[in-house]
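A.B. asks:
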């Protein structure tokens, strides 16, 4: 019924003209019939006409009332307001452009940052009931310790199987391999190897997530129930599109990984990117095929091969607390129940303390989130403040304009327009501004998102993150826009309509003393200055942090070093095979001999590429369980390539072979802190790993300077270096110190590698410098963006100051004229105006300083090499802000001083 | 003759009732009919019929159709719908309730 009524209303709207016409006609008929009746009764035509009209009433108002009955008069009014608004926007184009520009920037920046916040932090995984999913996690870091005792951070595959069978709280449990493999494989029928991101998952992974394949099928438990005999893969939609050109016959194709030919059995749905935000696999392989994926891991049956992340779907009605209790009981049972469990006193003590926490994983889990959560929240705050400044600006501009329009508004009010009507008109105008600004902002955001994604990715490979516009985002923008409109529209609108009618009508420019009358405008300027100061100091802090980071002594020389990866697993030769060891040495020697190359070396880690750490046991000391040493397996030319100074002893040479005494070179602080005092570490022995096993025994042969290993802002790390022949292990990153042209050297180097083995895939060719730069991506992001927004804020504030001052000067023209006429000097007049500006800015700064000091506490842990209360940044910002603000005010002041008294007075 | 204004809120009732008696009427006939049925006591400001009719069209109580009068003029004829009949019953019972209540108050006084 209500629906019928709505339909009738809508029909009325569309046939409005016809309805109006019908109504007019029937009213006319009515009057004519009445008139005829009176004539028939004997009245004259004129008298009859008058009488009929009188008894009928006011036609115009009846038409109006009838029209209102349709319920569309608001629309009519709105259209009118919009038309009027557009006209008045065109009347002051400069103001409109400034307003739209600041709004577009403000809203665009907010939308862009929010879209990242949404993609990285807020959006749920595209799976069935994501809120039921939990992730097993320990109290420690994500990267577990793989010694032979239970760790609650990562789990073994047999552990997962038992958990799956024994638990009472999950409807299903799934496991996924905790780290990525970038494997080089071949699509059947092609020659070239291609790099593929492989994700090993349990067969329960897809069914548990409730993800179904649009083409073929996903993996099932069947694919995962016995080792080695299920060579099947599911490929991602993106990879299918990219690498297979959306081949409809995809299910007939095969991929060769290592020595095994895999059948493609399905394509995942387009929206499914896995469970790790910002890390989309190309193909999913069942865990049972682990051994067939280079580098041939053997964890399928190993009770303590802790490399799995486990997730479960809570049964309906099971509380997280119940689930946690159940999981922890099982955890102890399963770990202690393994036949090869090492239940030594030390391990049991560890086990007793172990606690599995269940983390909600509705939004997936992500390295990215940990890395960018703080910067993104901070940037969101910054952009919100920028938007606030933009709003203040527009409020100020509108305020100035509405005061200038005081006469027009007063006339309308005097003619009987209700105040609410005029407020509505003014609000419509600001809404219009906001909508157009918002639209521009969305356009800007689309562009900014792409730029940001590139900045966040920090390199050539763009992080697979969906930051395209979505409904949630548009809703956010819409809300921001409306809030903006209300914020900057309502005060000027209310103010503008609260004029004393007689005053305004008497004098088009309102009362003569303009300055005293705009406390609101001044308050807005003060606020803008205060916020600008906060943003500027913030920007300074972050820029200085970035500078400090770049000045950090890394212990190695980052310039002029090329780095690349080769994937030696494709050869099928084991890494401890002498042929492999000599292949690496051959490559090093061949490249060493190239013209323009000073030195070259493989290593398992260059800067910021992860680490392999264990505890160590130095003879003659009590081992400290909390000390981890990072191990780096290196080629003989490593120290000269990296230019890390040798402080004592010798570096590795050809004499250090797989059969000779195992040796190590240690870092300076390791020598100083982990070895007994007064003992020369050279010639001293220690064990890598906790257990004193003979194969872990190494002799120290050299000491080198400390280096940064993982990040620029880390504390001193303990690092030891081991020669590849003695620890053949995950090796394949090459650094080349060169002279001359990067591209030429890079080509030569790649040709030399392929000269040794032309099947070796080479990837990630870049420089060490890039590598270092990438490690501070988020600090750079924050520094660049906060600097940009800081400048934007100051710029907007200057516009605000300029606008307000011009306006005030304009209003005081005749006052100034009189002053000049009675002998005030131009300098006097200039000072008169400048005094005003300086006062406002000073008040703004006075408020801004304590706010800044309070606010800087929030960012203290994002800074490096300086404190939040950094005096240099504060003073520099205050001085800078004062300078530009005064400059913004100087122009109107100069104009004031040029006022010609004659013209100014005649104007009155 | 002095006529009384229609008590507020009863215009719909009068229109609905008139239509239910006569089937199909145009505005002028409605005005006349109300005036005559009330023995010329109630005065309809004739124009005020039209906003009311618009509202009743929206509510779906009446439908309108163009037709021709006996004098061969084009006129819009209104007719009750089923919903209109229900509304008439509702308005009537409400009116009687209120009117009865007022009556009782007056008589006790």
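Chains as they are written, first to last, in my numbering: chain Y, 3 to 910; chain U, 35 to 143.
Cβ coordinates follow ideal geometry from the N, Cα and C atoms, glycine included.
Is residue 450 of chain Y near residue 795 of chain Y, with beta carbons less than 8 angstroms apart?
C.D. replies: Taking the first chain and counting its residues from 1, one reaches residue 450 of chain Y at position 448. Taking the first chain and counting its residues from 1, one reaches residue 795 of chain Y at position 793. No.
A.B. asks: When the cut-off is 8 angstroms and only beta carbons count, does residue 57 of chain U lie next to chain Y?
C.D. replies: Your numbering for residue 57 of chain U matches position 23 in the second chain. Answer no: the Cβ-Cβ gap between residue 57 of chain U and chain Y never drops below 8 angstroms.
A.B. asks: Could you check whether the Cβ of residue 51 of chain U sits closer than 8 angstroms to any Cβ belonging to chain Y?
C.D. replies: Locating residue 51 of chain U in the second chain gives position 17, counting from the first residue. For residue 51 of chain U, the answer is no, since every Cβ of chain Y falls outside 8 angstroms of its Cβ.
A.B. asks: So with CB distances below 9 angstroms, who are the chain U contacts of residue 920 of chain Y?
C.D. replies: Missing from the structure shown is residue 920 of chain Y; chain Y here goes from 3 to 910 and no further.
A.B. asks: Can you tell me whether DSSP reads residue 859 of chain Y as helix, strand or coil?
C.D. replies: The residue you call residue 859 of chain Y lines up with position 857 of the first chain. Helix at residue 859 of chain Y.
A.B. asks: Closest Cβ-Cβ distance between residue 47 of chain Y and chain U: below 8 angstroms?
C.D. replies: As a first step, residue 47 of chain Y is located in the first chain; it is residue number 45 there, counting from the start. False, the Cβ-Cβ gap to chain U never drops below 8 angstroms.
A.B. asks: Using a Cβ cut-off of 8 angstroms (strictly closer), state whether residue 53 of chain Y contacts chain U.
C.D. replies: As a working mapping, residue 53 of chain Y is identified with position 51 in the first chain. Not an interface residue.
A.B. asks: Got a sec: is the Cβ-Cβ distance from residue 71 of chain U to anything in chain Y below 8 angstroms?
C.D. replies: Here the question's residue 71 of chain U lines up with position 37 in the second chain. Chain Y, which has no Cβ nearer than 8 angstroms to the Cβ of residue 71 of chain U, makes this no.
A.B. asks: Identify, in the order they occur along the chain, each residue of the same chain with its Cβ nearer than 8 angstroms to the Cβ of residue 203 of chain Y, setting aside the five sequence neighbours on each side.
C.D. replies: Here residue 203 of chain Y corresponds to residue number 201 of the first chain, with the count starting at 1. Taken in chain order, the residues that qualify are 176, 177, 178, 179, 221, 286, 287, 288 and 289.
A.B. asks: By Cβ distance, which residues of its chain are closer than 7 angstroms to residue 393 of chain Y, with the 5 residues on each side in sequence left out?
C.D. replies: Position 391 of the first chain holds residue 393 of chain Y. Counting only Cβ-Cβ distances below 7 angstroms, and skipping sequence neighbours, we find 486, 489 and 490.
A.B. asks: Please state if the CB of residue 244 of chain Y and the CB of residue 189 of chain Y are separated by a distance shorter than 8 angstroms.
C.D. replies: Translated into the one-based positions of the first chain, residue 189 of chain Y becomes position 187. Translated into the one-based positions of the first chain, residue 244 of chain Y becomes position 242. No, they are not a contact pair.
A.B. asks: By Cβ distance, which residues of its chain are closer than 7 angstroms to residue 195 of chain Y, with the 5 residues on each side in sequence left out?
C.D. replies: Taking the first residue of the first chain as position 1, residue 195 of chain Y is located at position 193. Same-chain partners within the cutoff: 186, 187, 188, 572 and 763.
A.B. asks: Quick one: which chain U residues come within Cβ less than 8 angstroms of residue 75 of chain Y?
C.D. replies: Looking up residue 75 of chain Y in the first chain gives position 73. Going along chain U, no residue has its Cβ under 8 angstroms from residue 75 of chain Y, so there is no contact; the nearest lies around 12 angstroms.
A.B. asks: Note down, one range per segment and in chain order, each alpha helix (DSSP H) of at least 4 residues found wholly within the segment 768–835 of chain Y.
C.D. replies: 770–777, 779–813 and 815–823, all fully within the segment 768–835 of chain Y.
A.B. asks: May I have the straight-line CA-CA distance separating residue 380 of chain Y from residue 784 of chain Y, to the nearest angstrom?
C.D. replies: Taking the first chain and counting its residues from 1, one reaches residue 380 of chain Y at position 378. Taking the first chain and counting its residues from 1, one reaches residue 784 of chain Y at position 782. Cα to Cα, the separation comes out at about 8 angstroms.
A.B. asks: Between the C-alpha atoms of residue 527 of chain Y and residue 311 of chain Y, what's the straight-line distance to the nearest angstrom?
C.D. replies: Taking the first chain and counting its residues from 1, one reaches residue 527 of chain Y at position 525. Taking the first chain and counting its residues from 1, one reaches residue 311 of chain Y at position 309. Spanning the two alpha carbons is a distance of roughly 54 angstroms.
A.B. asks: Would a check of beta-carbon distances place residue 125 of chain U closer than 8 angstroms to chain Y?
C.D. replies: Residue 125 of chain U sits at position 91 when you count from the first residue of the second chain. By this cut-off, residue 125 of chain U is not an interface position.
A.B. asks: I want to see whether chain U comes within less than 8 angstroms of residue 25 of chain Y, judged by CB atoms only; does it?
C.D. replies: Start at 1 with the first residue of the first chain, and residue 25 of chain Y comes out as number 23. By this cut-off, residue 25 of chain Y is an interface position.
A.B. asks: State yes or no: is the beta carbon of residue 67 of chain U nearer than 8 angstroms to at least one beta carbon in chain Y?
C.D. replies: Here residue 67 of chain U corresponds to residue number 33 of the second chain, with the count starting at 1. Residue 67 of chain U does not count as touching chain Y.
A.B. asks: Label residue 274 of chain Y either buried or exposed according to how many other C-beta atoms from any shown protein chain fall within 10 Å of its C-beta, with 16 as the threshold for buried.
C.D. replies: Within the first chain, residue 274 of chain Y is the residue found at index 272, counting from 1. Buried.
A.B. asks: For the beta strand (DSSP E) holding residue 1 of chain Y, just list the boundary residues, first then last.
C.D. replies: Any question about residue 1 of chain Y goes unanswered here, given that chain Y covers just 3 to 910.
A.B. asks: Can you tell me whether residue 788 of chain Y is buried or exposed? The criterion is at least 16 other CB atoms within 10 Å of its CB, across all chains shown.
C.D. replies: Position 786 of the first chain, counted from the start, is the residue given in the question as residue 788 of chain Y. Classification for residue 788 of chain Y: buried.
A.B. asks: Starting from residue 130 of chain U, trace the alpha helix (DSSP H) both ways and give me its first and last residue.
C.D. replies: As a working mapping, residue 130 of chain U is identified with position 96 in the second chain. That run of the alpha helix (DSSP H) goes 116–142.
A.B. asks: Once the 5 residues before and after residue 143 of chain Y are set aside, which same chain residues still bring their CB inside 6 angstroms of it?
C.D. replies: The sequence position of residue 143 of chain Y within the first chain is 141, counting from 1. Any reading at residue 143 of chain Y is ruled out, since the residue's pLDDT is 42, under 50, leaving its predicted position unreliable.
A.B. asks: Specify the secondary structure class of residue 657 of chain Y as computed by DSSP and reduced to three states.
C.D. replies: As a position in the first chain, residue 657 of chain Y is number 655, starting the count at 1. If DSSP states are grouped into helix, strand and coil, residue 657 of chain Y belongs with coil.
A.B. asks: Considering only the beta carbon of each residue, do residue 110 of chain Y and residue 443 of chain Y sit closer than 8 angstroms?
C.D. replies: Walking along the first chain from the start, residue 110 of chain Y turns up at place 108. Walking along the first chain from the start, residue 443 of chain Y turns up at place 441. Cβ atoms of residue 110 of chain Y and residue 443 of chain Y: closer than 8 angstroms.
A.B. asks: Name the chain U residues that come within less than 9 angstroms of residue 59 of chain Y, Cβ to Cβ?
C.D. replies: Taking the first chain and counting its residues from 1, one reaches residue 59 of chain Y at position 57. Those are 79, 80, 81 and 82, listed as they occur along chain U.
A.B. asks: What in chain U is Cβ-close to residue 7 of chain Y, meaning under 9 angstroms?
C.D. replies: The count along the first chain starts at 1 and reaches residue 7 of chain Y at position 5. By Cβ distance, chain U contributes 92, 93 and 94.
A.B. asks: Could you compute how far the alpha carbon of residue 883 of chain Y sits from the alpha carbon of residue 829 of chain Y?
C.D. replies: As a position in the first chain, residue 883 of chain Y is number 881, starting the count at 1. As a position in the first chain, residue 829 of chain Y is number 827, starting the count at 1. C-alpha separation (whole angstroms): 23 angstroms.
A.B. asks: Across which residues does DSSP place residue 53 of chain U in a beta bridge pair?
C.D. replies: The count along the second chain starts at 1 and reaches residue 53 of chain U at position 19. None; residue 53 of chain U has no bridge partner.
A.B. asks: Quick one: which chain Y residues come within Cβ less than 8 angstroms of residue 43 of chain U?
C.D. replies: Taking the second chain and counting its residues from 1, the one referred to as residue 43 of chain U is at position 9. Neighbours of residue 43 of chain U on chain Y: none; closest Cβ ~16 angstroms, over 8 angstroms.
A.B. asks: Would residue 522 of chain Y and residue 492 of chain Y be called neighbours here (beta carbons separated by less than 8 angstroms)?
C.D. replies: As a first step, residue 522 of chain Y is located in the first chain; it is residue number 520 there, counting from the start. As a first step, residue 492 of chain Y is located in the first chain; it is residue number 490 there, counting from the start. Not in contact: residue 522 of chain Y and residue 492 of chain Y (Cβ atoms no closer than 8 angstroms).
A.B. asks: Between the segment 737–757 of chain Y and the segment 593–613 of chain Y, do three or more beta carbon pairs fall short of 8 angstroms?
C.D. replies: Yes, the segment 737–757 of chain Y touches the segment 593–613 of chain Y.
A.B. asks: Using a Cβ cut-off of 8 angstroms, which residues of the segment 114–125 of chain Y contact any Cβ in chain U, in chain order?
C.D. replies: Listed by position along the chain: nothing, the set is empty.
A.B. asks: Mapping the DSSP letters down to three states, classify residue 264 of chain Y as helix, strand or coil.
C.D. replies: Working through the first chain from its first residue, we reach residue 264 of chain Y at position 262. Strand, per DSSP.
A.B. asks: Expressed to the nearest angstrom, what Euclidean distance is found between the alpha-carbon atoms of residue 773 of chain Y and residue 554 of chain Y?
C.D. replies: Against the first chain, residue 773 of chain Y aligns to sequence position 771. Against the first chain, residue 554 of chain Y aligns to sequence position 552. Going by the C-alpha atoms only, they are around 15 angstroms apart.
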